[in-house]
Structure formats: C-alpha cells, structure tokens
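Colleague: Following the working numbering, the numbering of the sequence shown begins with 5 at its first residue and continues without gaps. Ideal Cβ placement from N, Cα and C applies to all residues, glycine included. None of these values were measured; they are calculated from a predicted model. Mind having a look at this structure? Questions to follow.
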Amino acid sequence: MTIVEDRPRLTPLAEAEAWLAAFDAALQAGDPGAAAGLFFADGLWRDVLAFTWTIRTMAGRPAIEATLRETLARTKPKNFHVPPKRTPPRWVNRAGTDCVEALFEFDTAVGRCNGVLRLAPDRQGRLAAWTLNTNLHEIRGHEEAFKRRAAPDATRDFGAENWSDRLARQRAYADRDPAVLVVGGGQAGLCIAARLQQLGVDTLIVDRHARVGDNWRTRYHSLTLHNEVYVNHLPYMPFPPTWPVYIPKDMLANWFEAYVDALELNFWTGTELVGGSYDELRKQWIVTLRRADGSERVMHPRHLIFATGVSSIPFTPDLPGLADFAGVKVHSGAFHDAEHWRGRKALVLGSGTSGHDVAQELQAHGADVTMIQRSKTYVVSLKEAQSVYAIYSEGIPFDDCDLLATSFPYPVLQRSYQVSTARGREVDRTLLDALDRRGFRLWAGEDETGFQMMYLRRGGGYYFNVGCSELIISGAVKLLQFSDIEKIVAEGARLRDGSLVPADLLVLATGYKNQQEAVRLYLGNAIAGKVGPVWGFDDGGELRNMWKRTAQPGLWFTAGSLAQCRIFSRYLALQIKALEAGLLK
C-alpha cells in the first residue's frame with residue numbers, strides 16, 4: 005500500500021461518515037459488489053457474529069462481496085453511523101500504515117452492532133477501506149440483565165429466604181440441571197459464566213480445586229502477572245484503582261473468590277469432570293461429575309464449555325532416562341516451596357517464562373540452579389513487552405480499547421507485531437547481546453513477530469525479563485543446552501562428554517498439551533478427532549475452535565489472557581444465547 009504525503013483535506017470524521025454512508029447505501033440497494041468496491045483490492049473484513057454468526061476474516065474484494073451476498077437478506081444491516089459519545093475518528097498509525105481509524109455503530113435484524121473502519125489513501129490520495137471490523141454487541145430483546153433492571157422493590161419478606169439462602173439454593177442444583185456447564189474456574193470460566201448469567205442462561209462452573217482462585221493461588225510463590233493491571237479487568241467489575249501495576253497471584257486469586265460472590269455465580273469447587281458423551285437425539289450432554297466427598301452427579305447440560313485454558317494438561321516430554329532420576333521431579337505448574345531447596349542442586353528444564361521464574365525463585369532461596377535450554381527463546385524486557393497493549397495507553401475509553409482489540413485481521417496483526425518486535429529488540433540490544441555471548445540461543449519467532457504470536461500459535465516460547473536474564477549472564481543461574489545432554493540418570497544429567505551435572509530436583513517447565521487432548525481425556529477419541537486442534541491459527545487467520553461453534557454441537561472453548569477472556573466471552577455468550585432463544589439452529 006502506498007501512502008502519499010498529500011492527505012485528503014476532509015476531516016477524519018467527514019471521511020469516515022462519507023465512507024459509511026456509501027457502504028450503507030450500497031447495502032440498502034442490495035449491491036454487494038458496490039459495497040466491496042469501497043475496499044482496497046486486498047482489503048480485509050473481520051466479522052465477529054454481526055453478519056456470519058461466527059468469527060471470520062474475508063480477504064480481498066471477491067471474498068467480501070461473496071459474504072455480503074450470502075448474508076444481506078438475513079441480517080438486514082442499516083443505520084451505519086459514527087456515534088457521538090465514542091472516540092472520534094482520527095489519523096493513527098497501525099502496523100506501519102497511516103490511516104483514518106473510526107469507531108462506528110449499526111443495526112441488524114438481530115441486534116445492535118459496532119465496529120472499526122480504517123481508511124488509507126490509494127495512489128491517487130483517495131481513501132478506501134483497508135480494514136473493516138463488524139461485531140454483534142447485543143441481541144435485541146435479550147440485553148444484559150443489569151440494563152433491563154426494573155424499578156427496585158422496597159418490600160421486605162421477613163418470613164422468607166434471605167439473599168444467602170436463595171444463593172445457596174440456586175447453587176445446589178438439587179432440582180435441575182444447568183443449561184451450560186463450564187469446566188474450569190479461572191479467568192476464562194468466570195468471564196463466560198458472568199456473561200451468560202447476565203443473559204439469563206443458567207450456568208454452573210465446576211473446578212477441581214478446593215477453593216475459588218486456587219488455579220492461581222497454588223502456583224509458584226513469586227508468580228506475578230506480566231502485563232499491566234489496566235489491561236486485565238474482568239467483565240462488570242474492574243479492579244480497584246489502588247491495585248499495583250503488576251498483580252500478584254494471591255491478590256488475583258482472592259479477587260476471583262470475591263468476584264464469584266459479588267456476581268452470584270454458580271460455582272462448585274472440589275468437583276471434577278469424570279467423562280461425558282453427547283446425546284444427538286436430545287441435543288444434550290450426559291456428563292458425570294465427581295464431588296470432593298467422592299459422590300457423583302450426572303448432569304444433562306445443553307452446552308459444555310472447556311475453560312481449562314491454554315495451560316491445561318501438563319506436557320512431559322519423552323526424555324531418555326527420565327524415569328531413572330532419583331531426585332524429585334515436578335512440573336512447573338505444580339512447583340512451590342523453593343525454600344526447601346536451599347543449598348541443594350536444581351535443574352530447570354525449559355527456558356520460557358515459567359522456567360525463568362522458577363529458576364530465579366530457586367536461586368533467590370539459595371539453590372544451585374542450572375537452566376536447561378531445549379529450544380531457541382524470545383526474550384524481551386518487561387517494559388517493552390507492554391507495547392502490544394499500546395492501545396490501552398492511548399487515553400481513550402476502556403470499552404473503545406476492547407473494541408479496537410477485536411478489529412485487527414491476521415495480516416495486520418502479524419505486521420503490527422513485526423514492527424513492535426523489531427523496535428523492542430533494538431531497545432533491548434545490550435541485554436540480548438550479553439545473553440548471546442553467554443550462549444543463550446535467541447530468536448524472534450517464525451516471522452519475527454515476537455512473543456505475542458508465539459503465545460497465540462503455541463502458548464509459549466518466550467520470557468519477559470524480570471531479572472533472570474541478568475542471573476544467566478552473570479552465571480548465578482547456570483546454562484546448559486539440552487543438545488549437550490546424553491540422558492537423565494539417577495544423579496542428574498549425564499552429558500555427551502561423559503561428565504555429570506548433579507541434581508536433587510528436576511523442574512519440568514515444558515509447557516502444556518493442546519486442549520484437544522483434554523477433550524480426548526474426558527470425551528473420547530471420536531469427539532476429539534471431530535473437533536481437531538484447539539488454539540493456534542487456522543487457514544483463515546482465526547484461532548482454531550476458540551469462542552465459536554465447533555464441529556461438535558454443544559461443545560465450546562474459551563481460554564487466554566484476562567483481556568482475551570473478558571473481550572471474547574461476550575461473543576461466546578451471545579452465540580449460546582442465540583441458540584437458547586431459537587435465533588440460531
């Protein structure tokens with residue numbers, strides 16, 4: 005795309021309104037070709053439910069025209085406009101391209117929608133659509149409960165149940181099954197349950213931990229979030245302004261507990277999914293749950309949501325001799341009590357974020373630590389890592405930031421991360437050069453897109469430096485390449501040169517299996533094969549099976565960062581509500 009210096013003289017608002025008016029007119033005339041002609045030839049349209057009832061990106065005019073032709077009669081879109089109370093259209097630079105960025109709203113036969121338009125100049129200086137994003141925001145007649153709240157009832161019934169009684173009865177499920185069963189009570193499970201409750205869909209969360217928040221509370225002692233607090237709010241209940249920039253794990257865990265009570269979510273702790281199957285005739289699941297006391301309950305929800313996260317089932321690689329190790333071996337997800345290893349020798353296998361954090365914690369408690377690097381790793385300073393959340397520091401309303409976060413099609417996202425990664429590597433050059441001299445193997449990702457694409461593609465492979473890099477550079481944390489190891493033996497790691505690296509502890513910071521394996525474990529091979537891999541990008545540039553209908557009716561997935569769970573829980577909940585209300589088949 006060529007950007008010319010002689011920008012159009014119209015204001016960003018006038019340009020956006022003119023384009024939206026032309027687009028609206030073409031749609032009202034039933035002319036998808038004219039609407040597609042308002043885009044660049046290689047323009048991109050990312051739709052989130054508004055037209056397609058899924059999350060899909062159309063690339064190029066032919067694909068845009070074809071999708072509009074398929075959906076216009078059903079959606080009946082109209083009233084495209086720039087709302088006065090949102091961030092006004094403005095010139096910005098996204099992924100290295102100057103463009104007019106405009107937030108807009110419109111209506112369809114289903115409900116209220118919003119979106120983001122980006123206009124860039126062509127070779128003649130005329131503005132055309134570079135990217136368009138359209139999102140369903142709410143279903144007409146099925147708005148969130150707090151928006152439909154009637155005048156308060158001031159009466160008191162002194163002979164009836166109080167709030168606590170009613171909540172306990174609601175959570176017991178003594179005389180009913182939920183419409184939706186959510187497996188996993190971390191941020192993914194809480195966000196989707198909160199959204200569904202506001203839409204009037206009966207939802208139960210089950211989690212194997214003894215206490216709400218234990219998925220964070222029980223992890224290694226020093227764990228603190230690596231992105232800043234203002235990105236991480238949960239739906240309906242933002243963190244207090246008094247909170248630290250980086251949230252400690254126990255603070256977040258306690259907030260999860262308060263969140264469940266404040267939003268009156270139905271949550272069963274100490275409860276595991278034993279297994280399940282789908283009844284095709286009745287269009288419902290048959291699932292068995294095991295409670296903490298050993299009793300079992302069979303339920304028949306219409307929807308089953310796996311909210312076990314990207315970090316679901318720990319992955320242990322098939323390492324030669326691993327079974328022979330005589331010391332303690334533990335996955336990083338279950339590691340705690342670093343103090344116990346003071347004065348003793350520890351090997352940490354893995355050089356991602358967990359591997360670095362565990363190594364640093366062990367070293368701080370007086371252990372003799374060696375990190376084993378299995379593969380090249382992207383390292384970025386904590387401050388530079390925040391650049392991927394730059395939208396949230398632009399001074400615009402939080403909801404507008406969330407809308408913008410949904411608006412980037414894959415090619416734009418890819419280019420944006422290439423730009424931020426290149427900039428970060430230059431800022432961190434001194435650190436990276438020192439790591440390279442130490443023998444730490446670095447890379448910037450398959451296409452130099454850095455940590456965010458690594459996370460979205462495979463859930464790991466990077467480290468935000470909070471001090472462990474300096475320990476490696478100084479030798480306070482020793483470094484060993486996995487390729488130099490012949491095998492694990494009872495006493496530690498036997499190297500190819502015959503020497504031994506002794507160890508009392510082996511921490512496996514080796515990541516987690518794909519969520520497809522969780523499906524295989526609980527629902528069997530047939531359903532796992534039907535659904536396919538979960539997470540990572542599909543051919544259309546969308547995360548596979550995430551927040552949208554899968555090949556298995558009634559089976560859904562949600563995962564990711566707090567921000568991803570907050571944002572995309574809205575769209576997952578809207579699809580389930582539409583199915584429950586008979587708007588979708």
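Mind checking whether Leu-208 and Trp-345 have CB atoms under 7 Å apart?
Modeller: Residue numbering aside, residue 208 sits at position 204 when the sequence shown is read from its first letter. Residue numbering aside, residue 345 sits at position 341 when the sequence shown is read from its first letter. In terms of Cβ geometry, Leu-208 and Trp-345 do not form a close pair [threshold 7 Å].
Colleague: List the endpoints of the continuous alpha helix (DSSP H) containing Ala-262.
Modeller: Within the sequence shown, residue 262 is the residue found at index 258, counting from 1. Residues 253 to 266.
Colleague: Using only the alpha-carbon positions, how far apart do Gly-471 and Gln-485 sit?
Modeller: Taking the sequence shown and counting its residues from 1, the one referred to as residue 471 is at position 467. Taking the sequence shown and counting its residues from 1, the one referred to as residue 485 is at position 481. Going by the C-alpha atoms only, they are around 20 Å apart.
Colleague: Measure the Cβ-Cβ separation of Ala-497 and Asp-328 and say whether it is below 7 Å.
Modeller: One-based indexing of the sequence shown puts residue 497 at position 493. One-based indexing of the sequence shown puts residue 328 at position 324. No; because the gap between Cβ atoms is not below 7 Å, this pair is not in contact.
Colleague: Starting from Met-457 and walking both ways along the alpha helix (DSSP H), at which residues does that stretch end?
Modeller: Against the sequence shown, residue 457 aligns to sequence position 453. Note, Met-457: alpha helix (DSSP H), 454 to 462.
Colleague: On the DSSP bridge list, what partners appear for Leu-547?
Modeller: Locating residue 547 in the sequence shown gives position 543, counting from the first residue. The partner list for Leu-547 (beta bridge, DSSP) reads Phe-541.
Colleague: Evaluate contact between the segment 195 to 203 and the segment 167 to 180, counting only Cβ atoms and requiring at least three cross-stretch pairs below 8 Å.
Modeller: no
Colleague: On the CB-based measure, 16 or more other CB atoms within 10 Å of its CB, does Asp-10 come out buried or exposed?
Modeller: The residue you call residue 10 lines up with position 6 of the sequence shown. Note that Asp-10 has pLDDT 48, beneath the 50 cutoff, so the model's placement of it is unreliable and no number is given.
Colleague: Just to check my reading of the structure: Ser-336 and Val-362 have Cβ atoms closer than 8 Å, yes? What is that Cβ distance to the nearest angstrom?
Modeller: As a first step, residue 336 is located in the sequence shown; it is residue number 332 there, counting from the start. As a first step, residue 362 is located in the sequence shown; it is residue number 358 there, counting from the start. Confirmed, about 5 Å.
Colleague: Excluding the 5 residues flanking Glu-546 on each side, which residues of the same chain have their C-beta closer than 6 Å to its C-beta?
Modeller: On the sequence shown, position 542 is the one that residue 546 refers to. Cβ within range, chain order: Ile-59.
Colleague: By a C-beta neighbour count over all protein chains shown, 10 Å radius and 16 as the cutoff for buried, is Asp-46 buried or exposed?
Modeller: For the purposes of this step, residue 46 is taken as residue 42 along the sequence shown, with counting starting at 1. In the assembly as shown, Asp-46 is an exposed residue. Its beta-carbon has fewer than 16 other beta-carbons within 10 Å.
Colleague: For Asp-111, write down the residues that DSSP places opposite it in a beta bridge.
Modeller: Locating residue 111 in the sequence shown gives position 107, counting from the first residue. Its beta-bridge partners are Lys-82, Arg-116.
Colleague: Taking just the CA atoms, how far does Gly-188 sit from Val-523?
Modeller: Here residue 523 refers to the residue found at position 519 when the sequence shown is read from its first residue. Here residue 188 refers to the residue found at position 184 when the sequence shown is read from its first residue. Taking the straight line joining both Cα atoms gives about 13 Å.
Colleague: Taking the alpha carbon of Ala-63 as the point to measure from, which residue in Leu-578, Val-104, Ser-487, Gly-544 has its own alpha carbon closest?
Modeller: What you label residue 63 is simply residue 59 of the sequence shown in a count that begins at 1. Of Leu-578, Val-104, Ser-487, Gly-544, the residue nearest in Cα terms is Gly-544.
Colleague: Could you please give me the residues that DSSP links to Cys-103 through a beta bridge?
Modeller: In the sequence shown, residue 103 corresponds to position 99, counting from 1. Its beta-bridge partners are Val-96.
Colleague: Return the CA-CA distance between Asn-549 and Thr-15, expressed in angstroms with no decimal places.
Modeller: Stepping through the sequence shown from its first residue, residue 549 is reached at position 545. Stepping through the sequence shown from its first residue, residue 15 is reached at position 11. Looking at the two C-alpha atoms, the distance is approximately 40 Å.
Colleague: Can you give the Cα-Cα distance for Glu-69 and Thr-135, rounded to whole angstroms?
Modeller: Here residue 69 refers to the residue found at position 65 when the sequence shown is read from its first residue. Here residue 135 refers to the residue found at position 131 when the sequence shown is read from its first residue. Roughly 14 Å between the two C-alpha positions.
Colleague: Could you give the DSSP three-state label for Glu-9: helix, strand or coil?
Modeller: Taking the first residue of the sequence shown as 1, we reach residue 9 at position 5. Confidence in Glu-9 is poor, its pLDDT being 42 and thus under 50, which makes the residue's placement too unreliable to answer from.
Colleague: Throw me the rounded Cβ distance for the Ala-183 and Pro-305 pair, which I believe falls under 8 Å.
Modeller: Numbered from its first residue, the sequence shown carries residue 183 at position 179. Numbered from its first residue, the sequence shown carries residue 305 at position 301. Contact flag correct, Cβ pair sits at about 6 Å.
Colleague: Determine which residues share a DSSP beta bridge with Lys-482 and list them.
Modeller: For the purposes of this step, residue 482 is identified with residue 478 of the sequence shown, where counting begins at 1. Bridge partners of Lys-482: Thr-374.
Colleague: Just to check my reading of the structure: Val-505 and Leu-351 have Cβ atoms closer than 8 Å, yes? What is that Cβ distance to the nearest angstrom?
Modeller: Sequence index remark: in the sequence shown, residue 505 carries index 501 (1-based). Sequence index remark: in the sequence shown, residue 351 carries index 347 (1-based). Yes, they are in contact, since the Cβ atoms of Val-505 and Leu-351 sit about 7 Å apart, within 8 Å.
Colleague: Between the alpha carbons of Leu-171 and Thr-273, how many angstroms are there, rounded?
Modeller: In the sequence shown, the residue the question calls residue 171 occupies position 167. In the sequence shown, the residue the question calls residue 273 occupies position 269. Distance between the alpha carbons of Leu-171 and Thr-273: 15 Å.
Colleague: Provide the residue span of the beta strand (DSSP E) that contains Arg-498, from first to last.
Modeller: Along the sequence shown, read from residue 1 onward, the residue named residue 498 stands at position 494. Where Arg-498 is concerned, the enclosing beta strand (DSSP E) stretches over 496 to 499.
Colleague: May I ask which residues mark the beginning and end of the beta strand (DSSP E) holding Arg-301?
Modeller: The count along the sequence shown starts at 1 and reaches residue 301 at position 297. Per DSSP, Arg-301 belongs to the beta strand (DSSP E) from 300 to 303.
Colleague: Suppose contacts are defined by Cβ-Cβ distances below 7 Å. Is Tyr-516 in contact with Ser-391 by that definition?
Modeller: In the sequence shown, residue 516 corresponds to position 512, counting from 1. In the sequence shown, residue 391 corresponds to position 387, counting from 1. In this structure, Ser-391 does not lie closer than 7 Å to Tyr-516 by Cβ.
Colleague: Where Ala-438 and Arg-215 are concerned, what is the direct C-alpha to C-alpha distance, given to the nearest angstrom?
Modeller: On the sequence shown, position 434 is the one that residue 438 refers to. On the sequence shown, position 211 is the one that residue 215 refers to. Approximately 43 Å, taken between the alpha carbons.
Colleague: Where does His-225 sit, in a helix, a strand or coil, going by DSSP?
Modeller: Residue numbering aside, residue 225 sits at position 221 when the sequence shown is read from its first letter. Coil, per DSSP.
Colleague: Counting C-beta neighbours from all protein chains within 10 Å, is the total for Trp-49 16 or more, i.e. buried, or is it exposed?
Modeller: Counting from one through the sequence shown, the residue named residue 49 turns up at place 45. The residue in question, Trp-49, is buried, as its Cβ has 16 or more Cβ neighbours within 10 Å.
Colleague: Within its chain, find whatever has a CB closer than 8 Å to the CB of Val-481; leave out the 5 residues flanking it on each side and keep chain order.
Modeller: Counting from one through the sequence shown, the residue named residue 481 turns up at place 477. Within the same chain, and ignoring the five residues on either side of Val-481 in sequence, the residues whose Cβ sits closer than 8 Å to its Cβ are Ala-363, Gln-364, Gln-367, Val-373, Thr-374, Met-375, Cys-472, Leu-475.
Colleague: Which residues share a DSSP beta bridge with His-146?
Modeller: The residue labelled residue 146 in the question sits at position 142 within the sequence shown. None; His-146 has no bridge partner.
Colleague: Starting from Glu-171, trace the alpha helix (DSSP H) in both directions and tell me its first and last residue.
Modeller: Taking the first residue of the sequence shown as 1, we reach residue 171 at position 167. It is Leu, not Glu, that sits at residue 171 in the sequence shown. Taken as a continuous stretch (DSSP letters only), the alpha helix (DSSP H) holding Leu-171 covers 167 to 176.
Colleague: Apply the 10 Å Cβ neighbour rule to Thr-159 and answer buried if 16 or more other Cβ atoms are within range, or exposed otherwise.
Modeller: Here the question's residue 159 lines up with position 155 in the sequence shown. The residue is exposed, with fewer than 16 neighbouring Cβ atoms inside 10 Å.
Colleague: Would Gly-347 be called buried (16 or more neighbouring beta carbons within 10 Å of its own) or exposed?
Modeller: Position 343 of the sequence shown, counting from 1, holds the residue named residue 347. Gly-347 should be labelled exposed.
Colleague: Considering just the uninterrupted stretch of the alpha helix (DSSP H) at Trp-23, what are its terminal residues?
Modeller: As a working note, residue 23 is residue 19 in the sequence shown. 16 to 32 is the extent of the alpha helix (DSSP H) around Trp-23.
Colleague: Leaving out five residues before and five after Thr-6 in sequence, what residues of the same chain have Cβ atoms less than 6 Å from its Cβ?
Modeller: For the purposes of this step, residue 6 is identified with residue 2 of the sequence shown, where counting begins at 1. Any reading at Thr-6 must be qualified, since the residue scores a pLDDT of 35, below 50, and its modelled position is unreliable; the value itself is stated next. Hits under 6 Å: Arg-127.
Colleague: Pairs of beta-carbons, one from the segment 233 to 252 and one from the segment 271 to 291, closer than 8 Å: are there three or more?
Modeller: no
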